[in-house]
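Here the sequence shown stands for residues 718 to 1180, numbered as in the numbering used here.
Every residue, glycine too, gets a C-beta built ideally from N, C-alpha and C.
Remember, predicted model here, so these are calculated numbers, not experimental data.
A short write-up of the structure that comes next.
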Amino acid sequence: MPASSFLAARTTLLAATKLLRPDAFAAPGQMLLPSPALAETLGIWTLADAVAARSPADLRRWQMLHLDALFTHASAHSAFWRQRLAGWAGDLADLPVLRRADLRQQVTAEGALPSLPGHGQVATRSTSGSTGTALSLFATQWAGMFAQFLYEKHVLESGMDISAPLLSIFPRNTASVRPNWGGALGQLFATGPMISMSANTDLAEIIALIRQHPGAVLATGTPIVAALVDAWPTAAPDHATPLAWIMARGSNFDEVLRARARQVLGAQVLDRYSCEEIGPIALECPHHPFHYHVASANAVVEVLRLDGTLAAPGEVGRVVVSGLHSHATPFIRYELGDLAALHPTCACGFHGPTLTDIAGRTGEIIRLPDGKILWAQLRVRDLLAILPVHEFRLTRRQPTAFDLELVLPDGALTEAQHQALVALVREKTIQNADVTITISDTIDWGNTYKRREFVDLVATNPG
Ligand SMILES: [Zn+2]
């Protein structure tokens, strides 16, 4: 099995070789020496393949070697981690789970830990996280580059045609056209152009852009995909299905929306499970939707039961992640607030751990006043059935009180819509909940595109 994993990676590279730019090599026309950029990229890609191809025991050993180095670094530079790691006997499962409040304490008191030799400068990363409030976190240049290269490897291995135009539609984008997809892909391969547009543009302009570029790859958030599949049949009465792929960002890309994206837009979906703090956690299998290959060279993933013991293979539990390259802000057994099931392999032949049933991204786990747990889901399509909505966020402020923030195209809400929204929130959360609805021009998501559309302030501030 390890052999076929290597083979798959090589086949992918061979397939992409015809797109390699001549200047990816040390001298144009010389196909012997890779440029430093190509060597660096291939080095990380090969490392990722080699890690993924190991036996479970070997993989564990390799990851623990990395974690040991991280623990030594953290203990040397952080009183918080010195205290947490004191007396630890070497079994990862014995370390306490790191919660957001713990993280805030470490970051507030100590700031960034120093970088390692060869890992470059420490940069600040902000995240809105689950509380919707900004928390500054830190990462080395190496950690950022490693994450980026794994994402790009995932794109290459998906089989998507990178010579197609990439349409990038995110809220913070400004309108621009660049000659290539950027990053290592753009530096090494003759990719198509990258055309960027703000997600806050009129939907008709986004539709026009897509229709101008048949066969393009669309990178955008799920609210835009939902709006597109709704508007497409009227916008394109000839039923042209122009998109080859959608690279999804954010939550709520559920089965229904995927099926509609496939049917209406003709697009395959390539998703990834990541967080701002650590980068790639698991990357969606191109052959089996909703199966995510764990990025074992970047993160150790554990799935725990509510009592903190390890869940059985295939059993849904809490996702806890350790970042192997997180030296500036260590994330060791960091609880993301998501649920998922962990399997030893994927049906496609991928040899390494694989996540399914990732649930936190399509909803939120609510701990009810009586101690029970509810998986609450408020989906874009539920809201769209009531009214056109550009953005939304549902916040649980008190045990039985919810705020629904909406950004609407025309800013107005009828009494009937108001009542329907209150009923929807109660249906998805707690019957007889107090529901407050506010309409605003924008929602402050913080400096991140991983939007938490469901925020539980009660769970994050116990007591
Ligand atoms: Zn797979």
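Check your understanding: From I886 to S880, what does the alpha carbon distance come to, in whole angstroms?
Key -> Taking the sequence shown and counting its residues from 1, one reaches residue 886 at position 169. Taking the sequence shown and counting its residues from 1, one reaches residue 880 at position 163. Each residue's alpha carbon lies about 18 angstroms from the other.
(Q) Applying the 10 Å Cβ sphere with the 16-neighbour rule, what's the burial state of V986? (A) Mapped onto the sequence shown, residue 986 falls at position 269. The residue is buried, with at least 16 neighbouring Cβ atoms inside 10 Å.
Excluding the 5 residues preceding and the 5 following A829 in the sequence, name in chain order all residues of the same chain whose CB lies nearer than 8 angstroms to its CB.
For the purposes of this step, residue 829 is taken as residue 112 along the sequence shown, with counting starting at 1. For A829, where only same-chain residues beyond five positions count, the Cβ hits under 8 angstroms are V839, T841, F855, A1045 and T1046.
Starting from R1186 and walking both ways along the beta strand (DSSP E), at which residues does that stretch end?
Lying outside 718 to 1180, the shown extent of the chain, residue 1186 is not represented and no answer is given.
Requested in this report: Mind reading off the beta-carbon distance from L935 to L902? Whole number of angstroms is fine, and I expect it under 8 angstroms.
Outcome: Residue numbering aside, residue 935 sits at position 218 when the sequence shown is read from its first letter. Residue numbering aside, residue 902 sits at position 185 when the sequence shown is read from its first letter. Not really, about 16 angstroms apart at Cβ, beyond 8 angstroms.
Three-state class that DSSP yields for T1155 in the structure shown: Taking the sequence shown and counting its residues from 1, one reaches residue 1155 at position 438. Three-state result, T1155: strand.
Exposed unless 16 or more other CB atoms sit within 10 angstroms - verdict on L1023 = Within the sequence shown, numbered from 1, the residue matching residue 1023 stands at position 306. Exposed.
From the DSSP secondary-structure annotation, give me the bridge partner or partners of H1060.
Within the sequence shown, residue 1060 is the residue found at index 343, counting from 1. For H1060, which the question treats as bridged, DSSP gives the partners T1071.
Report task. For D1173, write down the residues that DSSP places opposite it in a beta bridge. Result -> In the sequence shown, the residue the question calls residue 1173 occupies position 456. DSSP, once it has assigned bridges, lists R1113 as partnering D1173.
(request) Examine ligand 1 and report whether any of its heavy atoms sits within less than 6 angstroms of the Cβ of H1008. (result) Reading the sequence shown from its first residue, position 291 is the one you call residue 1008. Under cutoff, so the answer is yes.
How far does the beta strand (DSSP E) with M964 in it extend, from its first residue to its last?
As a first step, residue 964 must be located in the sequence shown, where it is residue number 247. Counting along the chain, the beta strand (DSSP E) containing M964 begins and ends at W962 to R966.
task = Would you list, in sequence order, the uninterrupted alpha helix (DSSP H) runs of no fewer than 4 residues that lie entirely inside the segment 756-786?
result = none
- When DSSP labels each residue in this structure, what does G1040 get in the three-state scheme? Sequence index remark: in the sequence shown, residue 1040 carries index 323 (1-based). Reduced to three states, the DSSP call for G1040 is strand.
Could you say if the segment 865-882 and the segment 1126-1142 meet the contact criterion of at least three C-beta pairs nearer than 8 angstroms?
no
**Request:** Output the distance between the C-alpha atoms of F1171 and V1106, rounded to the nearest integer angstrom.
**Result:** If you number the sequence shown from 1, residue 1171 lands on position 454. If you number the sequence shown from 1, residue 1106 lands on position 389. The straight-line gap from Cα to Cα measures roughly 15 angstroms.
Note to self: Is any non-hydrogen atom of ligand 1 found closer than 6 angstroms to the C-beta of F1067, if you look at the structure I gave you?
What the structure shows: The residue labelled residue 1067 in the question sits at position 350 within the sequence shown. Because some heavy atom of ligand 1 lies under 6 angstroms away, the Cβ of F1067 counts as near it: yes.
Here's a check: name, in chain order, each residue in its chain whose Cβ is nearer than 8 angstroms to the Cβ of T1153, leaving out the five neighbours to either side. Your numbering for residue 1153 matches position 436 in the sequence shown. If we look at T1153 and ignore the five residues flanking it on each side, its Cβ neighbours are A1118, F1119, D1120 and L1121.
### Any 3 or more C-beta pairs closer than 8 angstroms across the segment 791-801 and the segment 997-1012
no
Taking the alpha-carbon positions, what's the I761 to V768 distance? Within the sequence shown, residue 761 is the residue found at index 44, counting from 1. Within the sequence shown, residue 768 is the residue found at index 51, counting from 1. One C-alpha to the other measures close to 10 angstroms.
Review point. Could you give the C-beta distance for A999 and Y990, rounded to a whole number, given that I count them as a contact under 8 angstroms?
Key: Within the sequence shown, the letter at position 282 stands for residue 999. Within the sequence shown, the letter at position 273 stands for residue 990. Contact flag correct, Cβ pair sits at about 4 angstroms.
* Asked: Which residue or residues does DSSP assign as beta-bridge partners of S885?
  -> Translated into the one-based positions of the sequence shown, residue 885 becomes position 168. Note: S885 sits in a beta bridge opposite S913 and A936.
query = How far does the alpha helix (DSSP H) with R801 in it reach, from first residue to last?
reply = The residue you call residue 801 lines up with position 84 of the sequence shown. A796 to L802 is the span of the alpha helix (DSSP H), which, as asked, contains R801.
Just curious, the beta strand (DSSP E) that V1017 is in, first and last residue? In the sequence shown, residue 1017 corresponds to position 300, counting from 1. Counting along the chain, the beta strand (DSSP E) containing V1017 begins and ends at A1016 to L1021.
If you draw a straight line from the C-alpha of V1175 to the C-alpha of R1113, how long is it?
The count along the sequence shown starts at 1 and reaches residue 1175 at position 458. The count along the sequence shown starts at 1 and reaches residue 1113 at position 396. The alpha-carbon atoms of V1175 and R1113 are separated by roughly 7 angstroms.
In the DSSP assignment, the beta strand (DSSP E) including D1120 goes from what residue to what residue?
Sequence index remark: in the sequence shown, residue 1120 carries index 403 (1-based). Start and end: A1118 to V1124.
Close Cβ partners of T908 (< 6 angstroms) along its chain, the five nearest in sequence each way excluded = For the purposes of this step, residue 908 is taken as the residue at position 191 of the sequence shown. These residues qualify, in order along the chain: I879, N897, W898 and L902.
query: Do H1042 and ligand 1 come close, with the Cβ less than 6 angstroms from some heavy atom?
result: Within the sequence shown, numbered from 1, the residue matching residue 1042 stands at position 325. Checking every heavy atom of ligand 1 against the Cβ of H1042, none is found closer than 6 angstroms.
Just to confirm, is the Cβ distance from P882 to I912 under 7 angstroms?
On the sequence shown, position 165 is the one that residue 882 refers to. On the sequence shown, position 195 is the one that residue 912 refers to. In contact: P882 and I912 (Cβ atoms closer than 7 angstroms).
* With distances taken between CB atoms, is the gap from V1038 to L1021 smaller than 7 angstroms? -> Working through the sequence shown from its first residue, we reach residue 1038 at position 321. Working through the sequence shown from its first residue, we reach residue 1021 at position 304. No, the Cβ-Cβ distance between V1038 and L1021 is not below 7 angstroms.
ask   = Can you tell which of L776, I963, A916 and G1054 has the C-alpha that lies nearest to the C-alpha of A933?
value = Locating residue 933 in the sequence shown gives position 216, counting from the first residue. Among L776, I963, A916 and G1054, the Cα nearest to that of A933 is on I963.
According to DSSP, T841 sits in a beta bridge with which residue or residues?
Here the question's residue 841 lines up with position 124 in the sequence shown. According to DSSP, T841 bridges with F855.
Where K735 falls: helix, strand or coil (DSSP)
Start at 1 with the first residue of the sequence shown, and residue 735 comes out as number 18. In this structure, K735 counts as coil in the three-state DSSP scheme.
Query - Best match in D766, G835, F866 and Q822 for proximity to S853 [C-alpha to C-alpha] - result: As a position in the sequence shown, residue 853 is number 136, starting the count at 1. Cα-wise, what sits closest to S853 is Q822.
Exercise for the section: Report back the beta-carbon spacing between S1013 and G1069 to the nearest angstrom; my notes put them in contact at under 8 angstroms. Expected result: Along the sequence shown, one-based indexing puts residue 1013 at 296. Along the sequence shown, one-based indexing puts residue 1069 at 352. About 5 angstroms separates the two Cβ atoms, so the contact holds.
- Query: If you measure from the CB of C1063, is any heavy atom of ligand 1 nearer than 6 angstroms?
  - Reply: In the sequence shown, residue 1063 corresponds to position 346, counting from 1. Correct: C1063 has its Cβ closer than 6 angstroms to ligand 1.
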